[in-house]
Structures are given as structure tokens and as C-alpha cells.
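What follows is a short report on a single structure.
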Amino acid sequence: MCQLLGMNCNTPTDVTFSFSGFAQRGGATDHHGDGWGIAFFEGKGVRHMVDHQSAATSPVAELVRRYPIKSTNVIAHIRKATQGEVTLENCHPFVRELWGRYWVFAHNGNLENYAPRLHGSFRPVGETDSERAFCWLMQELAKSHASVPPVAELNQTLRELVPQIAQHGTFNFLLSNGEALWAHASTHLHYVLRRHPFTRATLSDEDLSVNFAEHTSVNDRVAVVVTQPLTTDEVWVAFEPGRLYAFVDGDLV
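Residue numbers for the sequence shown follow numbering that gives the first Met the number 0, so the first one is 0 and each next one is one higher.
Structure, rendered in C-alpha cells:
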């Protein structure tokens, strides 16, 4: 299976610390070596990078670790292929446009016999069950709302749609439109909320620690979602299986 990393915050923040540990799981401390990707929302745009090389060895991943790109919503993924070849078009996260804004999606799990009817603007480019699920979600959201609705309405619609996919297997995913970060776990996801007073954190996959108090203000709020906890000295909360979570401005809503 794959692993997921998401960040949602109220002030543009770089993800270099969390990504440094996360990337090690892409072939160094874990076996997820079949490609990786990351997407940063910046204003109305998305900075999107994918690579079919492992995250632990990819020069592009090394750039992300060293280049502090600031964003309020980030989704990253390291892949252990279950469906689809190890090619660029099968690397997560996937990006689509809906209602004049970008949407980003990444999935961990395996969906058996999942072949939804797709029509109109949303069709997969690659071969993965994950991209098919994303296209179907976008298609059904477009059918349910004529224009972008408030987050509360999107929550309700997604809660109706997600079980229709999850019944086909393991459906752990991250989804963002640049305003909110949605996360759902069939099996494993964890989150931590970082806020004042900020403390020191130490990565579990790399000999690296940071004192967040030196890099933040008292008003900053950051939510980090990941498949397995990234740090050894923070309180990570396990997701309730089958529940859809939404994060806005670094808070759980």
C-alpha cells in the first residue's frame, strides 16, 4: 500500500520538515518505492511535482526537502503500486479543475472491481483505481452543485459519496480544493494539530528535529495528516475508520 501526507494551515507554511521524514519511507525506512508526488496550493495555482523514482532517491524530492515552498494546503504521496504500472501518469497526487479551481487528490489502498461509469470532463489518464475514484468524485460533485458550495455543504455531499467507493476496498484518501483538506480512512490515518505554545518535534524516520516556536507566531495553526505518525514526541490522533474529516485554517471542523 501507499502512504499519505497532508498539511492544512491558516498561514502559508513550508512542509520541508514533515516531508523530509515522509520521503524516507519512499524506499529508505520503508518499501514504498514506486514513485511519489506532491502538490502545493499557492493562491489560485497549484505547484505539482511527481516522479516515478522513489522519494528516497529522487533528485526532485531532494529539491522539495531543501526548498521551503510555503502553502496553506499540501498533499503528498509515496507509492507502493497495487494497480497500474510504475509510470509518471500513475503517480499521485492527481489534479483536476472543477468550478474554476484546482482540486488535488491522493489515495492509499486497493479498490477491487471498481469501474465506475465516467462521462463528460472527468476521465483518467493513467491506469489506477485511485484516479478512477477521483474522477468519479469530481463528476458527482459537479452533478450535485452548480458552483462551488460552502465547505459545510461539500462535507455533506462527500459523506454521501465516499461510502459508495469505500465499499470496494480500502479507501484512505486526501482531497483539497485549496480552501479545505478532507481526509478519510478505511484503515490508517493520523493527525496532529500544531498551535501555540509550539514545541520541539523529532522525526521518527530521520535524525532531525525542529523547535516550531522559533519559526511560528502565536496565531499560527497547522494540521498535519499522515498514514503513520511522523514524529516521536507529538500527540498523534488516530482516525476513526469510515469517518470523513475536514480541516480548515489548521483546525478540525
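Ideal Cβ positions, reconstructed from N, Cα and C, are used throughout, including at glycine. Because the structure is a prediction, the values reported are computed rather than measured.
Next item on the list: Note down the Cα distance separating Ala179 from Val247, rounded to an integer number of angstroms.
Entry: 5 angstroms
Notebook entry, point to check: Near Phe93, which residues of its chain fall below 6 angstroms by C-beta distance, leaving aside the five closest residues on each side in sequence?
Noted result: Phe104, Glu130, Phe133
Next item on the list: Look up Arg158 in the DSSP assignment and give the residues it is bridged to.
Entry: Arg158 pairs with nothing; no bridge assigned.
Notebook entry, point to check: Helix, strand or coil: how does DSSP classify Leu87 here?
Noted result: helix
Next item on the list: Determine the DSSP secondary structure at Ala179, reduced to helix, strand or coil.
Entry: coil
Check: In three-state terms, what does DSSP make of Glu213?
Finding: helix
Next item on the list: Report yes or no: do the stretch 228-238 and the stretch 193-203 share at least 3 C-beta pairs separated by less than 8 angstroms?
Entry: yes
Check: Per DSSP, which one or two residues make a beta bridge with Lys69?
Finding: Asp13
Next item on the list: Would you kindly check if the distance between the Cβ of Trp98 and the Cβ of Val147 is under 8 angstroms?
Entry: yes
Next item on the list: Could you please give me the residues that DSSP links to Met48 through a beta bridge?
Entry: Ile37
Check: When you compare each of Asp50, Ser53, Arg46 to Tyr66 by their alpha carbons, which one comes out closest?
Finding: Arg46
Item checked: Pick from Glu213, Trp181, Pro240 that is closest to Asp250, judged by C-alpha positions -> Trp181
Note to self: Using only the alpha-carbon positions, how far apart do Asp128 and Asn9 sit?
What the structure shows: 32 angstroms
Checklist line | Beta-carbon proximity of His4 to Ala54, cut-off 8 angstroms | finding: With the sequence shown as reference, residue 4 is identified as Leu, and His is not the correct amino acid for it. No, Cβ-Cβ distance for Leu4 and Ala54 is not below 8 angstroms.
Notebook entry, point to check: If we call anything under 8 angstroms between Cβ atoms a contact, is Lys43 one with Arg100?
Noted result: yes
Checklist line | Closest residue to Ala184 among Leu174, Thr15, Phe170 (Cα-Cα distance) | finding: Phe170
Check: If you check the beta carbons only, do His187 and Leu110 fall under 8 angstroms apart?
Finding: no
Check: What is the DSSP secondary structure of Glu152, counted as helix, strand or coil?
Finding: helix
Checklist line | Rounded straight-line distance, which links the Cα of Met48 to that of Glu61 | finding: 12 angstroms
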